[in-house]
Every structure is written in C-alpha cells, then in structure tokens.
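Undergrad: Okay, handing you the structure first.
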Amino acid sequence: MRFAPFVETGEFANAGIVLMAADRGYFGFELETRRYKRITQFFDDMDSRLYRQSIKELRVELGRIQALIKRHGTAFDPGAGINTLFEELIRPRESIVRFSDPRIVLAESPEKKLKTLHQYYVHRSFATPEHRETVLARGLGRWLKEVHASARFTSARLGNDEYETPELPFVEQRDGRAFKVMKPLNLDQATPSAILEHANRWQFRLAELRRRRLFDGRFLFAVEGPSDNDKRYNAFDDARGLLAHANADIVDYADKPAILDFALRD
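Residues 74 to 339, numbered by the numbering used here, are exactly what the sequence shown covers, in order.
Structure follows, in structure tokens:
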C-alpha cells in the first residue's frame, strides 16, 4: 500500500502490505501505525494528521473485507469471490492511498510471509543508513530552496590526499575553504549498538578533520532517531553526546526552523 498525499509530484511512501491466498480463504494486512515519523517527515509540507486519518479509514475498510472472507472462507468461489474483492481493492484510483501492481509470492505460511514483506517494504530492512540519509538530504534540500539558500551549498568531500571524508551533501565554501557543513544523519538503526557505531564513525571523521586542521568551520548534524519511549532511545541520546564531542551542532531533523537558522546564519 502506498501513501501519496501529493498527486502532482508522484512521490509516495510504502505504508502497508495486503496479502491474499485465495485457495486458503486467507486475507491479511499490515499497516504502519507506530513508526510513521519517517513518512510524515518525508512529506514535510503535510499535516501528520492526514496520514493517521487515512490509515485509520483504510484499516476499517480492510477489516471489513477480512471479516467477510473469514466468514465465508473457502466457500468463496476463488475465481469470482476473493479474487474479485482483491482486484477491486487494488484497482488504480486517484486517491491519497493507492496500491502497487500485484505480485505473486510462494509461501507455506501466509501470516509469516505478510510480516516478512512488511518488514522489507515498509520498515525497509533492505535499506542502509546511507540510503535513509539520502532521503533526509533530499528533504533538507527542499527546505533550502524554500528560503532561496540552496545556491550557497554544494556537495563536497572534506580533507586532503592523506585523509578525506565521504561526500557531504551540504557544504558552504568561502575563499576556497569549507566554512559551514550540514550532514543529515540517520540514528534509527535496529539495535542500540548499531546506533552508537554509526554515530562513532562520524564523530571520528569530524574529530580527525579538526585534529589534522583540515576543517575549522561550523558543522551541523541533523539527526533522526527513535522516539523517547523506545528502548533504543538511551543509545540515541548517547550518540548525540558522542557527536557533540567533535565540536558539532546537534539538531533533530524534525526541527526545521533550527536547521534553517544554522544554514542562513553568517
């Protein structure tokens, strides 16, 4: 299931999975109802209530279909019953909630397969921290365009032949030297240790630049991480402290005003 609030841009976020096994009379679904911050932040101009309400209404509709199929089970004509319901559900529509083209999977347990697919496509178990950071950078780039500041920043590496960072998406140069840098950083990894390892990697990179006197400007990490009621939050909080030790500004990615204030300040 795809959530696409802005039809004109064609952008969407995977927000759920629907799975049907007609021969077993099975219809199941998983919708993203808890970890949806990445979706609402991706569509930064959108009221987050729109997502919650859309998912709530879809859950009711899917629940009705599920109850109907459970009631009739395999008594449904597979060709004209369950399949017809499924085809009508996923039919292309000009709406906020839409479905991708259907695919066929082989599975002994539809229930387990549903959870696996949801983890892969919605929680994105295939994605690396760097992939998520590309998405965050795209959002930050849109914010800079809104305030007519995008021309001030270019992507660049910091360092020299002996030591060099990976490419950074937002570097402001003055007099041929890096003056200001902004780096979106994903700290929402699956385990506390993975969160700390990713933060430590970037803390070392910045600290090494400063130790070698290759960069003496201002550096901002726009960080995204778990919510404060998540068991990984303590690791996220420690990770922020690690990054601050490298003389960097640490701002939540959701704090758009603070990020733009850093970008525009001389």
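Glycine included, each C-beta is placed from N, C-alpha and C at the ideal position.
In chain order, which alpha helix (DSSP H) runs of at least 4 residues are fully inside the segment 165 to 191?
TA: Entirely contained in the segment 165 to 191, not one alpha helix (DSSP H) run reaches 4 residues.
Undergrad: Candidates L282, K256, E245, A319: which alpha carbon is nearest D339's?
TA: If you number the sequence shown from 1, residue 339 lands on position 266. D339 has its Cα closest to that of E245, out of L282, K256, E245, A319.
Undergrad: Write down the C-beta distance between V178 and A88 rounded to the nearest angstrom, noting that I regard them as a contact closer than 8 angstroms.
TA: Your numbering for residue 178 matches position 105 in the sequence shown. Your numbering for residue 88 matches position 15 in the sequence shown. Between A88 and V178 the Cβ distance is about 19 angstroms, and since that is not below 8 angstroms, they are no contact.
Undergrad: Identify whether R291 lies in helix, strand or coil by the three-state DSSP scheme.
TA: Looking up residue 291 in the sequence shown gives position 218. Here R291 sits in strand by DSSP.
Undergrad: Measure the beta-carbon distance from A321 to L293 and round it to whole angstroms, keeping in mind my assumption that it falls under 8 angstroms.
TA: Within the sequence shown, numbered from 1, the residue matching residue 321 stands at position 248. Within the sequence shown, numbered from 1, the residue matching residue 293 stands at position 220. That pair is a contact at about 7 angstroms.
Undergrad: Enumerate in chain order the residues of its own chain whose CB-to-CB distance from Y306 is below 6 angstroms, with the five nearest sequence positions on each side excluded.
TA: Taking the sequence shown and counting its residues from 1, one reaches residue 306 at position 233. Cβ within range, chain order: P299.
Undergrad: Starting from the C-beta of N233, find all residues in its chain whose C-beta is less than 7 angstroms away, skip the five residues before and the five after it, and write them out in chain order.
TA: Translated into positions along the sequence shown, residue 233 becomes position 160. These residues qualify, in order along the chain: L287.
Undergrad: Looking only at C-alpha atoms, which of A331, F102, F309, R278 sits nearest to P183?
TA: What you label residue 183 is simply residue 110 of the sequence shown in a count that begins at 1. Per the Cα distances, F102.
Undergrad: Can you tell me whether Q139 is helix, strand or coil according to DSSP?
TA: Along the sequence shown, read from residue 1 onward, the residue named residue 139 stands at position 66. The answer is helix: DSSP assigns Q139 an H, G or I state.
Undergrad: Kindly say whether D322, judged by its beta-carbon, lies nearer than 8 angstroms to any beta-carbon of chain D.
TA: In the structure shown, chain D does not exist; there is a single protein chain.
Undergrad: Smallest Cα separation from R107: which of F79, N302, I323, N156?
TA: Position 34 of the sequence shown, counted from the first residue, corresponds to residue 107. Nearest option by C-alpha distance: N302.
Undergrad: Skipping 5 residues on each side, what residues in its chain have a beta carbon closer than 6 angstroms to that of Q276?
TA: On the sequence shown, residue 276 is found 203 positions in, with the first residue counted as 1. Excluding sequence neighbours, Q276 sits near L315, L316, A319.
Undergrad: How would you label D261, buried or exposed, when you count the other beta carbons within 10 angstroms and need 16 or more for buried?
TA: Counting from one through the sequence shown, the residue named residue 261 turns up at place 188. By the neighbour-count rule (16 or more Cβ atoms within 10 Å), D261 is buried.
Undergrad: So G314 is in the alpha helix (DSSP H); what residue range does that whole segment cover?
TA: Looking up residue 314 in the sequence shown gives position 241. Segment 306 to 317, the alpha helix (DSSP H) holding G314.
Undergrad: Tell me whether Q246 sits in a helix, a strand or coil according to DSSP, three-state version.
TA: The residue given as residue 246 occupies position 173 in the sequence shown. Of the three classes helix, strand and coil, the one that applies to Q246 here is strand, per DSSP.
Undergrad: Restricting to Cα atoms, I'd like to know which of I155, A295, T113, R205 is closest to L99.
TA: By 1-based counting over the sequence shown, the position of residue 99 is 26. Correcting the residue type first, residue 99 is Tyr in the shown sequence and not Leu. Nearest C-alpha to Y99: I155.
Undergrad: Just mark A86 as buried or exposed, buried being the case when its beta carbon has 16 or more other beta carbons within 10 Å.
TA: Counting from 1 along the sequence shown, the entry for residue 86 is found at position 13. So A86 counts as buried.
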